[in-house]
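J.: Using numbering that gives the first Met the number 0, read the sequence shown as starting at 0 and increasing by one per residue.
Could you have a look at this structure, given as structure tokens, before my questions?
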Amino acid sequence: MLTNLTIKTLMNHRSIREYTDEIPSEEMVETIVKAGQQAAFAGQLGSIIISREKDKHPFGAPLYFIICVDIHRMQKVMEKRNWKMISSDAAMLLFGLQDASYMAQNLVIAAESLGLGTCYLGFVPFMAEKLILEYDLPKKVLPMVGITVGYPAENPLVRPRYSLDFSCFEGKYPQLSNKQIEKAMKQMDEGYLAQDYYQDGKLMITLDNGHEESFDREYEKAR
Ligand SMILES: Cc1cc2nc3c(=O)[nH]c(=O)nc-3n(C[C@H](O)[C@H](O)[C@H](O)COP(=O)(O)O)c2cc1C
0 MLTNLTIKTL MNHRSIREYT DEIPSEEMVE TIVKAGQQAA FAGQLGSIII
50 SREKDKHPFG APLYFIICVD IHRMQKVMEK RNWKMISSDA AMLLFGLQDA
100 SYMAQNLVIA AESLGLGTCY LGFVPFMAEK LILEYDLPKK VLPMVGITVG
150 YPAENPLVRP RYSLDFSCFE GKYPQLSNKQ IEKAMKQMDE GYLAQDYYQD
200 GKLMITLDNG HEESFDREYE KAR
């Protein structure tokens, strides 16, 4: 595999959920927002709300960005031109989700390239009503995803991903065999186990065939 600074930034990505109190400079904020905006777009259908109210943010991050699917601005521009919107709301939503996603990911990569840590928060659209009130979002602006940003106060390992043969298919989508699926699951489980992921997250997986759990808390404490 080839490498360069951009590839290194991408391959070293890991979500950060603990932050120092240091506040990223205004120049950094401007840079990552502009990098976000520079993503490819279908109709510039993404916009960004910045919050600096640390106490309200997930993980107490100094910065919180809410990336929105924004059809409102397009409507305003169309009105000025005396043009009618003919695309359906569904079509606009699908394009908007794409524009906002690429914007979000550009912002994340830019932040990480400057030494900042980030974490996406996917519950944002499920609490849209609250956010619409809190940030005065007009009609046709949907909060799509949140991103916490700040200086990392933890240094987690890079998380494993499915292998390429389970993620990228040449020409046609294959019929996935049981063996392939089991191999992919085993690889992920082993990667996560090696990082104590399940243990750190206190995550328990139901065992097959009513098999009794033999995991010993005393053993865990002794480690
Ligand atoms: C759309 C989306 C929503 C996410 N929502 C959450 C979330 O609510 N809480 C959280 O701690 N992490 C969240 N994450 C981060 C993922 O858990 C994380 O990206 C994934 O486990 C892979 O780990 P990595 O980012 O460290 O490589 C989200 C990521 C994405 C892309």
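C-beta atoms are modelled at their ideal positions from N, C-alpha and C, and glycine is treated no differently.
According to DSSP, what are the bridge partners of VAL28?
T.: According to DSSP, which records beta bridges pairwise, VAL28 is partnered with nothing at all.
J.: By DSSP, does THR239 sit in helix, in strand, or in coil?
T.: In this structure the chain extends from 0 to 222, so residue 239 is not present and cannot be described.
J.: Would you say the region 183 to 193 touches the region 144 to 160, given that touching needs at least three Cβ pairs under 8 Å?
T.: A contact exists between the region 183 to 193 and the region 144 to 160.
J.: Buried or exposed for ALA67, please, with buried defined as at least 16 other CB atoms from any protein chain shown within 10 angstroms of its CB.
T.: The sequence given here places Cys at residue 67; Ala does not occur at that position. Burial call: buried.
J.: Our contact map puts TYR134 next to ILE65 with C-beta atoms below 8 Å; I'd like the distance itself, whole angstroms only.
T.: Correct: roughly 7 Å between the Cβ atoms.
J.: Determine the DSSP secondary structure at ARG222, reduced to helix, strand or coil.
T.: At ARG222 the pLDDT is 49, less than 50, meaning the model places this residue with poor confidence; the figure from the coordinates comes in the next sentence. The answer is coil: DSSP assigns ARG222 none of H, G, I, E or B.
J.: Give me every residue whose Cβ sits closer than 6 Å to any heavy atom of ligand 1, in chain order.
T.: Taking each Cβ in turn, the ones that pass are HIS12, ARG13, SER14, ARG16, CYS118, TYR119, LEU120, GLY121, PHE122, VAL144 and ARG158.
J.: Considering only the alpha carbon of each residue, which of LEU106, MET77 and LYS178 lies closest to LEU9?
T.: Comparing Cα positions, the closest option is LEU106.
J.: So the alpha helix (DSSP H) THR19 belongs to, where does it begin and stop?
T.: Note, THR19: premise wrong, no alpha helix (DSSP H); not H, not E.
J.: Terminal residues of the continuous beta strand (DSSP E) containing ILE49?
T.: Segment 45 to 50, the beta strand (DSSP E) holding ILE49.
J.: Which residue spans inside the region 47 to 101 form an unbroken alpha helix (DSSP H) run of at least 4?
T.: The region 47 to 101 contains these whole alpha helix (DSSP H) runs: 71 to 79.
J.: What does the alpha-carbon distance come out to for the pair ALA109 and GLY149?
T.: Distance between the alpha carbons of ALA109 and GLY149: 12 Å.
J.: Do the CB positions of LEU96 and ASP69 come within less than 7 Å of each other?
T.: No.
J.: In this structure, how does DSSP classify THR147 when only helix, strand and coil are distinguished?
T.: THR147 falls in the strand class under three-state DSSP.
J.: Tell me where the alpha helix (DSSP H) around TYR161 begins and ends.
T.: That residue, TYR161, is in no alpha helix (DSSP H); it is neither H nor E in DSSP.
J.: To the nearest angstrom, how far is the alpha carbon of MET102 from that of THR117?
T.: Rounded to the nearest angstrom, the two C-alpha atoms are 14 Å apart.
J.: At the level of alpha carbons, what is the spacing between ALA114 and GLU181?
T.: Checking the sequence shown, residue 114 turns out to be Gly, not Ala. Cα-Cα distance, rounded: 37 Å.
J.: Could you name the residues that DSSP lists as bridge partners for TYR172?
T.: In the DSSP output, where bridge partners are listed per residue, TYR172 has none listed.
J.: Kindly indicate which three-state DSSP category LEU113 falls into: helix, strand or coil?
T.: Coil, per DSSP.
J.: Decide if LYS201 is buried, meaning its Cβ has at least 16 other Cβ atoms within 10 Å, or exposed.
T.: Its Cβ having fewer than 16 others within 10 Å, LYS201 is exposed.
J.: Are three or more beta carbon pairs between the region 125 to 141 and the region 2 to 17 nearer than 8 Å?
T.: The region 125 to 141 vs the region 2 to 17: no contact.
J.: Determine the burial state of HIS210: buried for a count of at least 16 other Cβ atoms within 10 Å of its Cβ, exposed for fewer.
T.: With fewer than 16 Cβ atoms within 10 Å of its Cβ, HIS210 is classed as exposed.
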